[in-house]
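Working notes, beginning with the structure itself.
Protein chains: 2
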Amino acid sequence: MIQVWKDYQEKNKDRFLNELLELLRIPSVSAKSENKEDMKRCAEAVKQRLLEAGADKVDIYPTDGHPIVYGEKIIDPSKPTVLVYGHYDVQPAEPLELWKSGPFDPTIIDGKIFARGSCDDKGQMYMHIKALEILTQTNTLENNIKFCIEGEEEVGSPNLGKFVSANKELLKADCVLISDSAMISLDTPSIDIGVRGLSYIEVEVTGPNRDLHSGVYGGAVANPITILAKMIASLHDENNHITIPGFYDDVAVATAEERELMARAPFDETEFKTDLGIKQLWGEEGFTTNERTGIRPTIELNGIWGGYIGEGAKTVLPSKAFAKISARLVPNQTSAKITEILINHLQKIAPANVTVNAKLHHGGEPYMTPIDSTAYKAAAKAMEATFGKTPIPVRGGGSIPICSLFEKELGIKIVFMGFGLDSDNLHSPNEKFDIANFYKGIETIPYFHKFFTEMK
Amino acid sequence: MIQVWKDYQEKNKDRFLNELLELLRIPSVSAKSENKEDMKRCAEAVKQRLLEAGADKVDIYPTDGHPIVYGEKIIDPSKPTVLVYGHYDVQPAEPLELWKSGPFDPTIIDGKIFARGSCDDKGQMYMHIKALEILTQTNTLENNIKFCIEGEEEVGSPNLGKFVSANKELLKADCVLISDSAMISLDTPSIDIGVRGLSYIEVEVTGPNRDLHSGVYGGAVANPITILAKMIASLHDENNHITIPGFYDDVAVATAEERELMARAPFDETEFKTDLGIKQLWGEEGFTTNERTGIRPTIELNGIWGGYIGEGAKTVLPSKAFAKISARLVPNQTSAKITEILINHLQKIAPANVTVNAKLHHGGEPYMTPIDSTAYKAAAKAMEATFGKTPIPVRGGGSIPICSLFEKELGIKIVFMGFGLDSDNLHSPNEKFDIANFYKGIETIPYFHKFFTEMK
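So the protein sequences, as listed, match chains E and X.
According to this note's numbering, the residues represented by the first sequence are 30 to 485, in order.
According to this note's numbering, the residues represented by the second sequence are 30 to 485, in order.
In structure tokens:
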């Protein structure tokens, strides 16, 4: 490892950590209108940190939703430029009662930072700000770095598209670098070469025009919960294959070679089951666990509610039942087409006893990074430099909907350097980020800039 | 109508109404621990009203739950005694946003009192207190009246059994009179001759030991919402017949004669559908709407929840999903047996990917009143006196779990004189009670006491 970088990080590592903890204290939940002011405060904090880290220019761009923070350190416009994308917003923390410490009161236990956003994505985004500080403070920066840190990733980036297409010159770069995903472990580094797309909808099933007494009307009026359950149940067959006509039409079937490569990634079934507390795996017949989350599309129920859900008992036959349903997509499915297929299917299978309303919350396209691109090669070489091992290319199950947007608008490739772990409880109670991984990310990122500049 | 009763009611009717409104302002929700003090306050108010109406003795009996109000007016122990049962507790008011006026801020619109408990059962219970006042104030009471007004009917009367068996002498009577049900209309009086039993359970389905990211794990881990939906969906077949083995075993099949009698009750399908805003009827094939709610057992979903149910979107694969499920029972099913069958069945059909925990909220037995009993005949004659028409005997769909308890412990028959309407939004937002029905009940009840005493 380059000695000046190492020395600088060693000397400042406690401050780096404390700065992150401070950022984690801001409840920047983009989905909730009650956190609107916290979002502004968080964008302002990111701006200040970028300036302190050495950015020449940082601006907060208002949008129709939450603001975008743009920053840059330009040393020479003729040199290669890396655009770092990240997000300062976080998922809602609910269910709060399952957190062992406050979601916005970061707590360190066994070398791990427990807090909402510790890994997704404040912790990983902040590694890039600290890498900038190391490069500028040690006078070793050889390329230009731009930062686009948005506040709406967790709600589907509804306003980023407009910002990117209106600011193509500002954002002009040679690649996009994103740390918003995971690697296998510190012992087995890996790089995501693909992310799944998303189609997230909310469904409302209405039966009678008001809640009814389940004794007086029960048995004679269709119960919207029962109907919704039947609709949900019918979406997968007995092999957990999705039954919606047309759903798999555009799926790019992975080659035998690709499936063989995927099978090389370590997977310990017993450990996986023990970690999750489950007795049995689940999924589409004919595919392994890694394939089920990597190369196959899925439909998941993210939420369901209807009727009386309070304490005790209420004998009600409810008027309405609701579900939040999302599909994860793989190349070459498109979010718009799957959303249409999904909503039409739900409307079609609903019996005449109910009416179904469905709306799109957000969507995003699947994305693949070629392993022969300069960006991928630079990332792999950077990880080799700090991990001492060649990273394994893997397909991630999550979604980063803005990838196809950047590629389309800016004409550049995206590379994912994730330093989190799948077991970091992203979107769950007790989200965490290992301090060791945080530091490893800060160590590795400067090498990416160095190698990308050299290879370009 | 007996003139002195008529004159007294006419002179005092506004006060009668205002007293009821005052009672409705107390949020006596038995299911919620936060209303414990309101429950005490309501019991105290019922006691005061009984004393003011002429009861000689009124006591509040504490229980392990909410208190029971017992009152009596004994004119001569050798005369017939009627035990009036009612309840001062109400269902939770949720969903609050669907109420057009506050559930505990009674509002009169078009001659109807809108408030939680207006019909079920404060309004109907209060008719009996006002009937007592009329009888005592006009010196026309010829029998003894006892009142047992409990505070836990809406949570399954868990403590009434102990009270009744410990106070058999106190409660000794010749029949039980209950107004906690409906009639067809003021134009078509009817008397319920049966109520359905109940088995109300709550089910918890647990998949992974924590909420997971639906992208990272989706497709590879069983989603408890999906599993619960499949379990619920399997409870009814394509003819809406319940599929649980043994569920129908003890059902007393109604005779052709009884079904023919039931078919005489007026039922306007178009009006029924228009009132509920539904396009199509639903229910077990081979049975009419009245039969589906009267002589057949059912399974209803009263509530469901799991995953993220807040504003916006959260891509979570939840750890748990829950449902509140109740079965309505008919003779000769028993609550204990059906509860066992239901819980065992849910456990059995759950795949190994999840664990299922189920608990009983409360239960109650189905009950039938013979139409050749003195109590039924007195009720029918009382309604003839004030409605000018013979009431139709019908089977009610709701449950009054304490009926079989009274019969077993006190060895007496129960008669149901309901003055509410099925459309009174019991257990729903905007519960109402027509003032005309309230007054009609007060008019009719003194006749019941008179005729029952004469016939006995």
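The beta carbon of each residue, even a glycine, is placed where N, CA and C say it ideally should be.
Keep in mind that this is a model prediction, so the values were computed, not measured.
Under 7 Å between C-beta atoms of residue i and residue j
i: residue 230(E); j: residue 354(E); result: yes
i: residue 360(X); j: residue 397(X); result: yes
i: residue 56(X); j: residue 64(X); result: yes
i: residue 480(X); j: residue 210(X); result: no
i: residue 177(X); j: residue 114(X); result: yes
i: residue 367(X); j: residue 328(X); result: no
i: residue 323(X); j: residue 424(X); result: yes
i: residue 462(E); j: residue 142(E); result: yes
i: residue 333(E); j: residue 315(X); result: no
i: residue 22(X); j: residue 249(E); result: Outside the modelled stretch of chain X, which goes from 30 to 485, sits residue 22(X), for which no answer is possible.
i: residue 111(E); j: residue 206(E); result: yes
i: residue 150(E); j: residue 116(E); result: yes
i: residue 232(X); j: residue 352(X); result: yes
i: residue 102(E); j: residue 89(E); result: no
i: residue 173(X); j: residue 104(X); result: yes
i: residue 372(E); j: residue 350(E); result: no
i: residue 431(X); j: residue 189(X); result: yes
i: residue 204(X); j: residue 406(X); result: no
i: residue 262(X); j: residue 262(E); result: yes
First through last residue of the alpha helix (DSSP H) which encompasses residue i
i: residue 90(E); result: No alpha helix (DSSP H) contains residue 90(E), which is instead part of the beta strand (DSSP E) from 86-90.
i: residue 78(X); result: 65-82
i: residue 288(X); result: 285-291
i: residue 462(X); result: Counting along the chain, residue 462(X) falls outside any alpha helix (DSSP H), though it belongs to the beta strand (DSSP E) covering 461-463.
i: residue 253(X); result: 253-262
i: residue 157(E); result: 151-166
i: residue 190(X); result: 189-195
i: residue 33(X); result: 32-53
i: residue 136(E); result: First-last for residue 136(E): 136-138, but that is the beta strand (DSSP E), not the alpha helix (DSSP H).
i: residue 510(E); result: Outside the modelled stretch of chain E, which goes from 30 to 485, sits residue 510(E), for which no answer is possible.
Whole-number beta carbon distance between residue j and residue i, since they are thought to touch under 8 Å
i: residue 12(E); j: residue 391(E); result: Since the displayed chain E opens at 30 and closes at 485, residue 12(E) lies outside it and no answer follows.
i: residue 400(E); j: residue 294(E); result: Not really, about 14 Å apart at Cβ, beyond 8 Å.
i: residue 340(X); j: residue 61(E); result: 6 Å
i: residue 225(E); j: residue 244(X); result: 6 Å
i: residue 331(E); j: residue 128(E); result: Actually they do not touch by this definition, with Cβ atoms about 19 Å apart.
i: residue 208(X); j: residue 118(X); result: Not really, about 15 Å apart at Cβ, beyond 8 Å.
i: residue 326(E); j: residue 376(E); result: Their Cβ separation, rounded to whole angstroms, is 20 Å, which puts residue 326(E) and residue 376(E) out of contact at 8 Å.
i: residue 310(E); j: residue 237(X); result: Wrong, their Cβ atoms sit about 11 Å apart, outside the cutoff.
i: residue 152(E); j: residue 72(E); result: Residue 152(E) to residue 72(E), Cβ: 17 Å. No contact.
i: residue 247(X); j: residue 223(E); result: About 15 Å separates the two Cβ atoms, so there is no contact after all.
Amino acids of chain E, ordered along the chain, whose beta-carbon sits closer than 9 Å to that of residue i
i: residue 239(X); result: 127, 305, 306, 454, 457, 458 and 459
Enclosing beta strand (DSSP E) for residue i [first to last residue]
i: residue 366(X); result: Premise fails: residue 366(X) lies in the alpha helix (DSSP H), 364-378, not in any beta strand (DSSP E).
i: residue 99(X); result: 97-102
i: residue 175(X); result: 173-179
i: residue 61(X); result: Looking at the DSSP string, residue 61(X) is not in any beta strand (DSSP E), and its letter there is neither H nor E.
i: residue 384(E); result: 384-393
i: residue 169(X); result: Where residue 169(X) is concerned, there is no enclosing beta strand (DSSP E), given that its DSSP letter is neither H nor E.
i: residue 419(X); result: From DSSP, residue 419(X) is part of no beta strand (DSSP E); its letter is neither H nor E.
i: residue 141(X); result: 141-143
For residue i, the residue or residues it bridges with in DSSP
i: residue 108(X); result: Residue 108(X) pairs with nothing; no bridge assigned.
i: residue 317(X); result: Its beta-bridge partners do not exist; DSSP assigns none.
i: residue 442(E); result: 204(E)
i: residue 225(X); result: Beta-bridge pairing links residue 225(X) to no other residue.
i: residue 355(X); result: 229(X) and 329(X)
i: residue 414(X); result: Per DSSP, none; premise fails for residue 414(X).
i: residue 272(X); result: The partner list for residue 272(X) (beta bridge, DSSP) is empty, contrary to what the question assumes.
Chain E contact residues for residue i, given Cβ-Cβ distances below 7 Å
i: residue 254(X); result: 330 and 333
i: residue 371(X); result: Going along chain E, no residue has its Cβ under 7 Å from residue 371(X), so there is no contact; the nearest lies around 14 Å.
i: residue 346(X); result: 329
Proximal residues of chain X, C-beta to C-beta of residue i below 7 Å
i: residue 184(E); result: 341 and 342
i: residue 123(E); result: 337 and 339
i: residue 120(E); result: 343
i: residue 309(E); result: 381 and 382
Contacts of residue i in chain X (Cβ-Cβ under 8 Å)
i: residue 32(E); result: Residues of chain X passing the Cβ test: none, with the nearest at roughly 37 Å.
i: residue 357(E); result: 243, 244, 247 and 248
Cross-chain neighbours of residue i in chain E, by beta carbon under 8 Å
i: residue 318(X); result: 249
Closer than 6 Å: residue i CB and nearest the ligand GTP heavy atom
i: residue 140(E); result: Absence of the ligand GTP from the depicted structure is noted, as is the absence of any ligand whatsoever, leaving it without description.
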